[in-house]
Amino acid sequence: MRTVIFDFDLTLVDSVSAITRGLNKMAEHFDLPRVTEADTRRVMSLEAGDLWASLWGRYDPAWNDYFLSVVAKQEKDYLDLVPGARELLAKIKDAGLGLALATNRDNAWGALGSIGLASFFDTAVGSGDVPRGKPAPDMLLMVMDQMGADPSQTIYVGDAVFDMQAARRAGIRGVGLLEGGTPREDLVKAGAWRVRDSLSDLGDIIGIV
2 MRTVIFDFDL
12 TLVDSVSAIT
22 RGLNKMAEHF
32 DLPRVTEADT
42 RRVMSLEAGD
52 LWASLWGRYD
62 PAWNDYFLSV
72 VAKQEKDYLD
82 LVPGARELLA
92 KIKDAGLGLA
102 LATNRDNAWG
112 ALGSIGLASF
122 FDTAVGSGDV
132 PRGKPAPDML
142 LMVMDQMGAD
152 PSQTIYVGDA
162 VFDMQAARRA
172 GIRGVGLLEG
182 GTPREDLVKA
192 GAWRVRDSLS
202 DLGDIIGIV
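If you count the sequence shown from 1, position 84 lands on 85 in the working numbering, and the numbers rise without skipping.
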């Protein structure tokens, strides 16, 4: 294994509470129905426009402006790193492996910077950088092109069905994490090469201890 690509939400960060708080701030501002954490889990792997349309039945570009100018600036104060994330990334870098992020968030570098992880990564690609977000393979293909990565020596670690579908379509191996809440059978059906409980169970796959 030479290159490890990570998803962001529910892979490196536990963001359900933070995202739910932000969505309800938007709901209050635009007089929309409030959402629950269960609602957030159902839609959070979608791109922003599709996420909001799934929750509220439509998409208004003004929501994105408000999200970027108000909600996103506050969200970082409520994000929690998944236990062991920083230590795992440090071990991967120490082993000389390439590290990348591929997320359906618009601003991938901004997401990493918000939780102090940007320095670990060689590149980061978000949905704003490619024509199509996950489950399309576009961002994974862009990452591999930027890094000169060999698909046979690359894995994508994520928590969602979309992550595993994107990995399969990009010709790389997908590793699904159960701590994100997606059932094992759904990850396997979507094309997961391996399924593990959490980040702390990746050492043998990546080749680190």
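Cβ coordinates follow ideal geometry from the N, Cα and C atoms, glycine included.
Return yes when the Cβ of residue j is within less than 8 Å of the Cβ of residue i, no when it is not.
| i | j | result |
| --- | --- | --- |
| I20 | T37 | no |
| L141 | I6 | yes |
| D160 | G181 | yes |
| L102 | A91 | no |
Using a 10 Å radius around the Cβ and a threshold of 16 neighbouring Cβ atoms, would you call residue i buried or exposed?
| i | result |
| --- | --- |
| A150 | buried |
| A63 | exposed |
| D95 | exposed |
| R35 | exposed |
| S128 | buried |
| A112 | buried |
| S46 | buried |
Closer than 6 Å by C-beta to residue i: which residues in its own chain qualify, once you throw out the five before and the five after it? Chain order, please.
| i | result |
| --- | --- |
| R170 | P138 |
| D198 | L179 |
| D78 | none |
| R133 | D139 |
| L24 | V36 |
Since residue i and residue j are thought to touch, with beta carbons under 8 Å apart, how far apart are those beta carbons, to the nearest angstrom?
| i | j | result |
| --- | --- | --- |
| D15 | V83 | 6 Å |
| R183 | V158 | For the record, residue 183 in the displayed sequence is Thr; it is not Arg. Not really, about 13 Å apart at Cβ, beyond 8 Å. |
| N105 | K135 | 5 Å |
Can you name, in chain order, every residue of its own chain whose Cβ lies under 7 Å from the Cβ of residue i, other than the five neighbours on each side?
| i | result |
| --- | --- |
| D81 | V14, D15 |
| R174 | I156, A168, W194 |
| V131 | D139, M140, M143 |
| I93 | V5, L100, I207, I209 |
| H30 | Y67 |
Would you tell me roughly how many angstroms separate the C-alpha atoms of residue i and residue j, rounded to the nearest one?
| i | j | result |
| --- | --- | --- |
| D187 | M145 | 26 Å |
| F9 | D164 | 11 Å |
| G114 | S18 | 19 Å |
| G58 | G85 | 37 Å |
| L89 | Y67 | 34 Å |
| A49 | D32 | 18 Å |
| V196 | D61 | 37 Å |
| K190 | Q166 | 9 Å |
| I209 | G97 | 11 Å |
| Q154 | T12 | 20 Å |
| V126 | A119 | 12 Å |
| R22 | W53 | 14 Å |
| R87 | A28 | 33 Å |
| D51 | S201 | 32 Å |
Once the 5 residues before and after residue i are set aside, which same chain residues still bring their CB inside 8 Å of it?
| i | result |
| --- | --- |
| M148 | T4, G99, A101, D123, T124 |
| I206 | M2, I156, V176, R195, R197 |
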